[in-house]
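**Q** The structure follows.
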Amino acid sequence: MIPAAFDYQRASTLDEALSILADRGEDAKLLAGGHSLLPLMRLRLATPAVLVDIGGLRDLSYVQDRGDEVAIGALTRHRDLQISELLLNQVPVLAHVAGQVGDPQVRHRGTIGGSLAHGDPASDLPAAILALDGTLCARGTSGERTIPATEFFTGFLETALRPDEVLTEIRVPKSPGKFSFKKFNRRAQDWAIVGVVALSDSPARVALVNMASTPVRASATEAALAAGAAANEAAQRASEGLEPPSDTNATTEFRRHLATVLVRRALEEVGL
Amino acid sequence: MQVRMRVNGTEYVHEVEPRLLLVYYLREVVGLTGTNVGCDTSSCGACTVLLDGESVKSCTMLALQADGAEITTIEGLASPDGTLHPVQEAFRQNHALQCGYCTPGMVMAAVSLIREHPDLDEATVREGLEGNLCRCTGYHNIVKAVLAAASAMSAGVPA
């Protein structure tokens with residue numbers, strides 16, 4: 135399967151990428167590792183007129199200690215997150231989840247910024263950043279702004295990023311406490327049919343993969359935990375207020391069931 | 011657009027269409043057909059090659075994204091005198107292939123995996139090859155071969 139034809143522009147600096155976006159805006163898509171975008175283009179579900187390749191901007195690949203937070207360059211690859219000593223010590227959930235994305239070949243190419251900007255509710259990293267209450271930094275022609283992860287995912291494959299903006303950095307609070315990541319799928323490398331990220335840090339947080347049109351927090355479960363509910367009781371409320379999708383892999387009802395079971399297991403694993 | 015890369019030690023420069031995928035560049039432009047196209051949807055790993063030493067699925071990259079890179083395909087593993095790479099030799103010794111279609115990708119994925127995990131165990135091999143499908147289901151011997159290759163390589167057989 136061959137993608138539809140497009141103009142290819144390679145940006146050698148962030149400013150160059152921003153100026154191409156300012157010029158071509160709505161017609162352009164950013165290409166980082168390409169592991170979300172190229173499969174869609176090959177199926178012709180995406181047919182951008184212009185691809186702006188930012189994969190060579192190596193100065194956007196880093197994991198840095200910023201006191202209470204860890205800052206991650208948007209072009210940091212999953213593999214580099216997986217083996218980052220700083221993450222393994224300070225935000226182990228992120229290193230672990232990055233190591234569960236796709237397969238090794240995907241992790242050698244895919245980037246955290248690409249995964250977040252793609253906004254797929256079935257992806258693992260968006261749920262982890264949501265659970266961590268991360269912050270996303272976007273640069274546009276008119277300057278830089280920060281967007282809380284809780285406001286970033288606006289719809290199916292849609293985010294708060296504007297057409298002229300580049301996601302440059304992701305910041306997450308240090309969270310060295312217990313975590314659990316549960317991913318239910320039928321084949322080794324598949325997307326999660328349902329996934330759960332749970333953090334024991336106070337207040338306890340739970341985010342869900344593939345349970346709505348965006349990555350979401352299990353707010354009813356979180357509220358129950360905050361009110362002192364036990365794991366099993368809190369887990370019963372995992373899908374409250376959500377409309378999980380129904381597809382080849384699972385019906386809406388089965389997803390609700392999976393969420394209840396996986397959330398309970400995740401909460402028990404972190405000792406809640 | 012012009013693309014320049016080293017493939018198995020040889021420098022190539024070509025004019026390509028931006029939408030040309032790396033696997034088709036390798037097969038149809040450079041002429042190295044050892045790398046197979048399997049599922050064509052980033053799942054099966056038959057098209058795995060090394061990009062700067064790391065395994066990647068060449069059906070999920072534009073040739074232009076490999077500009078300036080060092081690519082190794084299955085043709086580039088054996089020594090010029092024909093001596094097989096330890097992973098190739100281990101696949102042969104352990105009967106780690108049946109129809110052989112997934113083999114080039116399996117071997118390249120295994121080379122990358124062994125580089126990243128000098129202390130491979132069976133679970134790591136099984137998880138590490140999750141991006142490669144063998145539809146003959148010959149996984150047991152593939153895992154045996156990768157473990158054998160890893161121990162041969164750590165014992166100092168030149169890679």
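Residue numbers (our numbering), protein chains in the order written: chain U, 135 to 406; chain X, 11 to 169. Note that CB positions come from ideal geometry on N, CA and C, so glycine has one too. Predicted model, so just to flag it, every value in this text is computed and none were measured.
If you follow the alpha helix (DSSP H) that I154/U is part of, which residue opens it and which one closes it?
**A** Its alpha helix (DSSP H) spans residues L148 to R158.
**Q** Would a check of beta-carbon distances place V135/X closer than 8 Å to chain U?
**A** no
**Q** Can you name the residues that DSSP bridges to T58/X?
**A** K67/X
**Q** Can you tell me the Cβ-Cβ gap for Y142/U and M11/X, rounded? I've got them flagged as a contact below 8 Å.
**A** 6 Å
**Q** Output, in sequence order along the chain, the residues in the region 157 to 176 of chain U whose CB is closer than 7 Å to any CB in chain X.
**A** Per Cβ criterion, the list reads G168, H169, L172 and P173.
**Q** Need the endpoints of the beta strand (DSSP E) that Q103/X sits in, please.
**A** It is not in any beta strand (DSSP E) - Q103/X instead sits in the alpha helix (DSSP H) that spans P96 to Q103.
**Q** Could you name the residues of the same chain whose beta carbon sits closer than 8 Å to that of A183/U, not counting the 5 residues immediately before and after it, in chain order?
**A** F140, D141, R158, D161 and A162
**Q** Determine the direct distance from the alpha carbon of Y34/X to that of E403/U, and round the result to whole angstroms.
**A** Going from the Cα of E403/U to the Cα of Y34/X covers about 46 Å.
**Q** In three-state DSSP terms, what is Q12/X?
**A** strand
**Q** Kindly list, in the order they appear in chain X, the residues whose Cβ is closer than 8 Å to that of Q323/U.
**A** S53, E140 and G141
**Q** From the DSSP output, in three-state form, read off E278/U for me.
**A** strand
**Q** Can you find a C-beta in chain X that's less than 8 Å from the C-beta of V240/U?
**A** Closer than 8 Å to some Cβ of chain X, the Cβ of V240/U qualifies, so yes.
**Q** So that I know if they touch, is there some Cβ in chain X lying closer than 8 Å to that of G189/U?
**A** Yes, its Cβ sits closer than 8 Å to a Cβ of chain X.
**Q** Cα separation between S218/U and H230/U?
**A** 10 Å
**Q** To the nearest angstrom, how far is the alpha carbon of K312/U from that of D335/U?
**A** 7 Å
**Q** Is the shortest distance between the beta-carbon of A169/X and the beta-carbons of chain U less than 8 Å?
**A** Residue confidence is low: A169/X scores 49 on pLDDT, short of 50, so the model does not pin down where it sits. Its coordinate-derived value is still stated next. Cβ-Cβ to chain U under 8 Å: no for A169/X.
**Q** Could you tell me whether any Cβ in chain U is nearer than 8 Å to the Cβ of E80/X?
**A** no
**Q** Determine which residues share a DSSP beta bridge with K317/U and list them.
**A** G329/U
**Q** Do you know how far the Cα of G236/U is from the Cα of T210/U?
**A** Rounded to the nearest whole angstrom, the C-alpha separation of T210/U and G236/U is 16 Å.
**Q** Exposed or buried, which one is V23/X when buried takes at least 16 other CB atoms within 10 Å?
**A** exposed
**Q** Going by the beta-carbon positions, is the gap between A358/U and L342/U smaller than 8 Å?
**A** no
**Q** Is G289/U helix, strand or coil by DSSP?
**A** Note: G289/U maps to strand in three-state DSSP.
**Q** What's the gap between the Cα of A364/U and the Cα of T147/X?
**A** 44 Å
**Q** Report yes if the C-beta distance between G268/U and I304/U is below 8 Å; otherwise report no.
**A** yes
**Q** Please report the residue range of the beta strand (DSSP E) in which L301/U lies.
**A** V300 to P307
**Q** Could you tell me which of S161/X, S68/X and T58/X sits nearest to H127/X, measuring between CA atoms?
**A** S161/X
**Q** Taking Cβ-Cβ distances shorter than 7 Å, what residues in chain X pair up with D237/U?
**A** E140 and G141
**Q** Against chain U, which members of the region 58 to 86 of chain X pass a CB distance test of less than 9 Å?
**A** T58, L61, E64, S65, V66, K67, C69, T70, M71, L72, L74, Q75, D77 and G78
**Q** Just verifying my parser: in three-state terms, what is the DSSP assignment at A88/X?
**A** coil
**Q** So, for V97/X: in the same chain, excluding its five sequence neighbours on each side, which residues have a beta-carbon less than 6 Å away from its beta-carbon?
**A** V117, A120, V121 and A159
**Q** For V395/U, which residues of its own chain have a beta-carbon under 8 Å away from its beta-carbon, when the five flanking residues on both sides are left out?
**A** A369
**Q** Buried or exposed for D254/U, going by 16 or more other Cβ atoms inside 10 Å?
**A** buried
**Q** Where does V235/U sit, in a helix, a strand or coil, going by DSSP?
**A** If DSSP states are grouped into helix, strand and coil, V235/U belongs with coil.
**Q** Mind checking the region 13 to 42 of chain X against chain U and listing, in chain order, the residues whose C-beta falls within less than 9 Å of any C-beta there?
**A** E27, P28, R29, L30, L31 and Y34
**Q** Do we get a CB-CB distance below 8 Å when we pair Y196/U with the residues of chain X?
**A** Answer no: the Cβ-Cβ gap between Y196/U and chain X never drops below 8 Å.
**Q** Could you tell me if N366/U is buried or exposed, where buried requires 16 or more neighbouring beta carbons within 10 angstroms of its beta carbon?
**A** That one is exposed.
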